[in-house]
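Novice:
Numbering (my numbering), first residue to last: 7 to 1124.
(1) For residue 940, which option in 321, 510 and 433 has the closest C-alpha, if you only look at C-alpha atoms?
(2) On the criterion of 16 or more Cβ atoms from any shown chain inside 10 Å, does residue 167 qualify as buried, or is it exposed?
(3) State the Cα-Cα distance for the pair residue 307 and residue 523, rounded to the nearest angstrom.
(4) Can you give me the C-alpha to C-alpha distance between residue 752 and residue 719, rounded to a whole angstrom?
(5) Within 10 angstroms of its Cβ, does residue 982 collect 16 or more other Cβ (buried), or is it exposed?
(6) If I'm right that residue 1149 touches residue 340 with Cβ under 8 Å, what's the distance once you round it to whole angstroms?
(7) Give the secondary structure of residue 1032 by DSSP, where H, G and I count as helix, E and B as strand, and everything else as coil.
(8) Leaving out five residues before and five after residue 562 in sequence, what residues of the same chain have Cβ atoms less than 6 Å from its Cβ?
(9) Ordered along the chain, which non-local residues of its own chain (more than five positions away) have a Cβ less than 7 Å from that of residue 301?
(10) Counting only the same chain and skipping the five closest in sequence on each side, list residues whose C-beta sits under 6 Å from that of residue 742.
(11) Relative to the C-alpha of residue 493, which candidate in 517, 640 and 345 has its C-alpha closest?
(12) Whose CA, out of 468, 536 and 531, lies closest to the CA of residue 501?
(13) Could you give the DSSP three-state label for residue 579: helix, strand or coil?
(14) Between the Cα of residue 859 and the Cα atoms of 876, 878, 712 and 831, which residue gives the shortest distance?
(15) According to DSSP, is residue 872 part of a helix, a strand, or is it coil?
(16) For residue 759 versus residue 622, is the C-beta spacing smaller than 8 Å?
(17) Ignore the nearest five residues each way along the sequence and tell me which others in residue 1039's own chain have a CB closer than 7 Å to its CB.
(18) Once DSSP output is grouped into helix, strand and coil, what is the label at residue 1108?
(19) To which residues does DSSP link residue 484 through a beta bridge?
(20) Just the Cα atoms here: how many angstroms apart are residue 529 and residue 398?
(21) Which runs of the alpha helix (DSSP H) fall wholly inside the region 269 to 341 and span at least 4 residues, in chain order?
(22) So, residue 1055 versus residue 865, is the Cβ gap smaller than 8 Å?
(23) Quick check: the Cα distance between residue 649 and residue 1080, rounded to an integer number of angstroms?
(24) Quick one, are the C-beta atoms of residue 920 and residue 910 less than 8 Å apart?
(25) Give the DSSP-derived three-state secondary structure of residue 407 in the structure shown.
(26) Quick one: complete beta strand (DSSP E) runs, 3+ long, within the region 522 to 601?
(27) Out of 550, 1102, 886 and 321, state which residue places its alpha-carbon closest to the alpha-carbon of residue 475.
(28) Anyone know if the C-beta pair for residue 349 and residue 359 falls short of 8 Å?
(29) What is the C-beta distance between residue 1126 and residue 976, in whole angstroms, given that I count them as a contact (C-beta under 8 Å)?
(30) May I ask you to report which of helix, strand or coil DSSP gives residue 398?
(31) Using CA atoms only, rank isn't needed, just tell me which of 384, 683, 957 and 870 is closest to residue 777.
(32) By how many angstroms is the C-alpha of residue 1069 removed from the C-alpha of residue 1049?
(33) Rounding to the nearest angstrom, what Cα-Cα distance links residue 784 and residue 850 in this structure?
(34) Looking at the unbroken beta strand (DSSP E) that takes in residue 384, where does it start and where does it end?
(35) Skipping 5 residues on each side, what residues in its chain have a beta carbon closer than 7 Å to that of residue 750?
(36) Along the beta strand (DSSP E) that carries residue 377, what are the first and last residues, could you check?
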């Protein structure tokens, strides 16, 4: 400001007025207070104005006043446009941004200057930083008053003496001038598209801007073309282009996700041209899409700002907010409240964050993490709801405090200081200066730049320095210096969420005398970081000087950010402005987080399903080990083969019926029906023996009935697992398979159920199975499995018409003549196949006739027309054709041949255990079952837990059964199991399917080394190791490609064909066994040849199974 000469008369008059006014003040302290608020005028008399120190991006003319923009390195500019590093930028128009109230709390009202003297600091080191004396202040006031023109000018001069100025300033935010790290380019939340490098053919930059604007706003055009149009608009680099880009950024207010990304690209281009305008709010439909994504695919961690996000500024949490926070944490989302406010009453002027959360009950606090002071102090709660500090960052050092105080004196000497309650507040992690009321936005920005420069001169480099305008023009603007920013809190949560969860368990579950030791132990356990894309950040403002919440995105640039304050910087790729504002918007977001999605898991039903399944498998293992040694003495080896082949015939014929039953009955009723039938069939075996009715024909009837119920169990379980597992079908299939093989291994290798069968009556397992099904399994199903139907509209309509079972039966019987008229040839062929058994003593004709019948049905033709389903089904059936006859026919023959009567059951149970142990090793390395949170451990990989369990089973098998008491054999056995699991983990589904033949090749070992039990164990184990994950991969491939609405029908057909393949395999194995006497080892030669041929086919399988991974091996982790 240039000096203007003033007449002696005016100077004299001014001095008289000032002296009179000061004479009315209550003493010298007030003179000092007055000096403090006008130190900005030091040196003004008789000198030229000083140019402010510039830092960051140069100020440019905006919509009203020049400002400086921080965070110069957000998203890169569109190709061909000036980079953000050199481009000036503007804040949005007045009214778009609601200015903050204060750095840590609500903006305090200016105190009466004469009652609140400014804080005194130590004397400055240099003369140019000296505070003006009281006389100097008076002289400055005289000079200002003498230069004032008009009544209003003189009034302003007097106001500056006492209040630091009362000029009404623009309600602008002055942005932080600390540069932020460049954000990583991130894919938009709901759109995978990226900007094009150049406009495609057909888009000419010379077109009228109005025409280009219409194309950019046209939802019918492809997204990439619309973005290219935006590029063409921006390439004109003109004021008209900026206006068009701004209009595109506001167009289609009811548009969807792609429209929003077009707006983002337009506003990014506008920012590259010098104007930064906030993203608009998303439409209601777009917001609903985001809410649905939060429900269906929940983030692993959610960070919420408190003030103006969870509640109004410094308000205590309402009951609704408290309940919402509890619900989010109960939904499995690690929840943090991250605020600039402190948790210590002695470190903040205003309410602490803990005071705001004091309305929460201990139960509501139990799942929360508090990031106070922007994350510098992390707290969790104990069982009584008391906050416990678990991590903290260093506060300002004494040298930093001195540097801050010295730099502040320079700023206050140049720009003045408002007299407020919190003037010059220096906390452990922040510092604030309140500038005189009426300080212009340009001067606020310049003051912030000067403060940064002065701090840098003294070696103080805080995380953020920002200047902010006040919402109320009667209140002062202010500068805030932060040692840390909120990216610290987000980074801590991502890296240490497991640690905080462990500490919560320690403080909430353990007695106080154990907590210290346990907390130290928790700190030493490994921690799994939350992926950045699985982090949600919710704050009020993400634009301009409101960088508190914008800074959160630096720690998780690929995370999702939601702005509930109405504004967000378009250069942050994954930020969205919410259509509603404040705590009501946050409530809506938290409700979506806590809701259970349609792809969620019914935990009670799944628990019941696996509980009854486990017990059923135990009963099945007992009876399957006993059955060969009950049947072979009665019917011989050939008859046993015929029983195994004919048993699945009922399953083949009733496969579609099983699908129909599962479709028309609730899960509970269908599973209960299967359980009762299994109990009856289990009891039939000892009853037949007791009454002397055991023969080929009675065993055949029991085998056929058992084949039907086994098929029904598998069919209904497959259907209900798909319903109950939601989007976790692959994990559930893997878990179901692991559940099955673990029980087989434990029963066969650890418990040794075969030895029990050898020692006791072989009918005992059947009585046990009957009691277990009726007394335990049936009640579990009745209590836990849902009793509800899930029908398509067509099926529901048909079911409503069939009001009674009798009416439904009559309708079905009425359709029998038409059915026979359609399939009379197939029925005759099947009957002839059954009759041929008495002539050729083979089940193959009947099996092939029934298989032909299935292929004539409309459902099969529909399935066959679907190429992915057809190919997946063929390879699935090929594996079943070879593997299951070996398991249930070949292995019992090996056990009987090698062990004889005394130990045949024990050897068989051990061989089955080894077979399933191989499957367990490989399947556990493939299963992706998530990372559940375990008390005191935090989130632990399910895969690692299961692998530890496998090592435990290995140790138990080796030490208790294989080499009893031999410690020397234990270590190498565990090492071999660990190496096999590690190698298995490298294989993809493609690899397991492609190299299944390598597993089949191990059948040659018992052929070459017949009679060597250890070699037989190893061969069986390796065959299981390859077959297990290949079978799971093929099953999942089939299920995932099943069209929606066709699940029951196609799975029923698949079940029939599966049983047909197994029955065909039994027939062929039985035929090979009949060619040799004894059957073994001679029959192993054709088995080995067929396995080699199948291996060649599976090697080519990936060519026909589209959608498998491109590689057979997982890429190495770096």
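All C-beta atoms in this analysis are idealised placements derived from N, C-alpha and C, irrespective of residue type, glycine included. Note that this is a predicted model, so its numbers are computed, not measured.
Specialist: If we stick to the structure as given:
(1) In the chain shown, residue 940 corresponds to position 934, counting from 1. When each option's Cα is compared against that of residue 940, the closest is 510.
(2) Reading the chain shown from its first residue, position 161 is the one you call residue 167. Confidence in residue 167 is poor, its pLDDT being 38 and thus under 50, which makes the residue's placement unreliable; the coordinate value appears in the next sentence. Residue environment: residue 167 is assigned as buried (16 or more neighbouring CB atoms within 10 Å of its CB, all protein chains considered).
(3) Counted from its first residue, the chain shown places residue 307 at position 301. Counted from its first residue, the chain shown places residue 523 at position 517. Distance between residue 307 and residue 523, taken at the CA atoms: about 27 Å.
(4) Locating residue 752 in the chain shown gives position 746, where the first residue counts as 1. Locating residue 719 in the chain shown gives position 713, where the first residue counts as 1. Roughly 22 Å separates the two Cα atoms.
(5) Within the chain shown, residue 982 is the residue found at index 976, counting from 1. Per the 10 Å Cβ criterion, exposed.
(6) In this structure the chain extends from 7 to 1124, so residue 1149 is not present and cannot be described.
(7) Position 1026 of the chain shown, counted from the start, is the residue given in the question as residue 1032. Here residue 1032 sits in helix by DSSP.
(8) As a working mapping, residue 562 is identified with position 556 in the chain shown. Correct list, in chain order: 496, 538 and 541.
(9) Translated into positions along the chain shown, residue 301 becomes position 295. Annotation for residue 301: 598, 601 and 603 place their beta carbon closer than 7 Å to its own, counting only its chain and skipping 5 residues before and after.
(10) By 1-based counting over the chain shown, the position of residue 742 is 736. Cβ within range, chain order: n/a, list empty.
(11) Indexing the chain shown from 1 puts residue 493 at position 487. When only C-alpha atoms are compared, the closest one is 345.
(12) Reading the chain shown from its first residue, position 495 is the one you call residue 501. When each option's Cα is compared against that of residue 501, the closest is 536.
(13) Walking along the chain shown from the start, residue 579 turns up at place 573. In the three-state reduction of the DSSP assignment, residue 579 falls in the coil class, being assigned neither a helical nor a strand state.
(14) On the chain shown, position 853 is the one that residue 859 refers to. Comparing Cα-Cα distances from residue 859 to each of 876, 878, 712 and 831, the minimum goes to 831.
(15) If you number the chain shown from 1, residue 872 lands on position 866. DSSP places residue 872 outside both helix and strand once states are collapsed to three, so it counts as coil.
(16) For the purposes of this step, residue 759 is taken as the residue at position 753 of the chain shown. For the purposes of this step, residue 622 is taken as the residue at position 616 of the chain shown. Contact flag unset, no.
(17) Numbered from 1 along the chain shown, position 1033 holds the residue referred to as residue 1039. Annotation for residue 1039: 995, 998 and 999 place their beta carbon closer than 7 Å to its own, counting only its chain and skipping 5 residues before and after.
(18) If you number the chain shown from 1, residue 1108 lands on position 1102. Under the three-state reduction of DSSP output, residue 1108 falls in the helix class.
(19) Stepping through the chain shown from its first residue, residue 484 is reached at position 478. Under DSSP, residue 484 shares a beta bridge with 440 and 474.
(20) Taking the first residue of the chain shown as 1, we reach residue 529 at position 523. Taking the first residue of the chain shown as 1, we reach residue 398 at position 392. So the two alpha carbons sit approximately 14 Å from each other.
(21) Complete alpha helix (DSSP H) runs here, min 4: 290 to 302 and 325 to 336.
(22) Reading the chain shown from its first residue, position 1049 is the one you call residue 1055. Reading the chain shown from its first residue, position 859 is the one you call residue 865. Less than 8 Å separates the beta-carbon of residue 1055 from that of residue 865.
(23) Your numbering for residue 649 matches position 643 in the chain shown. Your numbering for residue 1080 matches position 1074 in the chain shown. For residue 649 and residue 1080, the distance between alpha carbons rounds to 14 Å.
(24) Taking the chain shown and counting its residues from 1, the one referred to as residue 920 is at position 914. Taking the chain shown and counting its residues from 1, the one referred to as residue 910 is at position 904. When the beta-carbon positions are compared, residue 920 and residue 910 stay at least 8 Å from each other.
(25) For the purposes of this step, residue 407 is taken as residue 401 along the chain shown, with counting starting at 1. Under the three-state reduction of DSSP output, residue 407 falls in the helix class.
(26) With a minimum length of 3 residues, the unbroken runs of beta strand (DSSP E) contained wholly in the region 522 to 601 fall at 541 to 548, 566 to 574 and 581 to 583.
(27) Along the chain shown, one-based indexing puts residue 475 at 469. Among 550, 1102, 886 and 321, the Cα nearest to that of residue 475 is on 550.
(28) Position 343 of the chain shown, counting from 1, holds the residue named residue 349. Position 353 of the chain shown, counting from 1, holds the residue named residue 359. Between residue 349 and residue 359, the CB-CB gap stays under 8 Å.
(29) With the chain covering 7 to 1124 only, the question about residue 1126 has no answer from this structure.
(30) Translated into the one-based positions of the chain shown, residue 398 becomes position 392. Strand at residue 398.
(31) In the chain shown, counting from the first residue as 1, residue 777 sits at position 771. With distances taken between Cα atoms, residue 777 lies closest to 683.
(32) Counted from its first residue, the chain shown places residue 1049 at position 1043. Counted from its first residue, the chain shown places residue 1069 at position 1063. Roughly 28 Å between the two C-alpha positions.
(33) Working through the chain shown from its first residue, we reach residue 784 at position 778. Working through the chain shown from its first residue, we reach residue 850 at position 844. Those two C-alpha atoms are separated by around 37 Å.
(34) Along the chain shown, read from residue 1 onward, the residue named residue 384 stands at position 378. 383 to 387 is the extent of the beta strand (DSSP E) around residue 384.
(35) As a position in the chain shown, residue 750 is number 744, starting the count at 1. 627, 918, 919 and 922.
(36) Reading the chain shown from its first residue, position 371 is the one you call residue 377. Note, residue 377: beta strand (DSSP E), 374 to 378.
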